[in-house]
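Remarks on the structure that follows.
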Amino acid sequence: MMMSDIVIDYEKEHSPIAKPSVAELIANGLKENHITQKQLAEELGISTTRVNDLVSGKSEPNLKTAGHICRFLKIRPAAMLML
1392 MMMSDIVIDY EKEHSPIAKP SVAELIANGL KENHITQKQL AEELGISTTR
1442 VNDLVSGKSE PNLKTAGHIC RFLKIRPAAM LML
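Residues in the sequence shown are numbered consecutively from 1392, following my numbering.
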C-alpha cells in the first residue's frame, strides 16, 4: 500500500466531507445568484411558503421542480441528486 493510499483512507475515515442537503444547495444557489425566495417562487410558479419549505428542509422538490431549480440557480443536477 502506498503512502498516498494510507492518507486517503485516513482522511475518509477521520475527515469526511459531508454532502450538502438539497435545502443547502437551494439556499446557496439563491445566495450566489442574488435571487430571493420570492423570485424563485415566481419562476417555479409555486408559493413563497413552498419555497421556504424547500430552503428550510421541511420538504424536497419533486423531480420536475428539482430540474427547474437546477436550471434557474445554475446547480449541477448531479449535486441535487446527491450523486
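Even for Gly, the Cβ is constructed at its ideal location relative to N, Cα and C.
- Boundaries cannot be given for I1426, as no alpha helix (DSSP H) includes it and DSSP labels it neither H nor E.
- Annotated three-state conformation of S1395 is helix, per DSSP.
- Secondary structure of A1409 (DSSP, three-state): coil.
- Using a 10 angstroms sphere on the CB of P1468, the tally of other CB atoms stays under 16, which defines it as exposed.
- A buried status is given to G1420, since no fewer than 16 other beta-carbon atoms sit within 10 Å of its beta-carbon.
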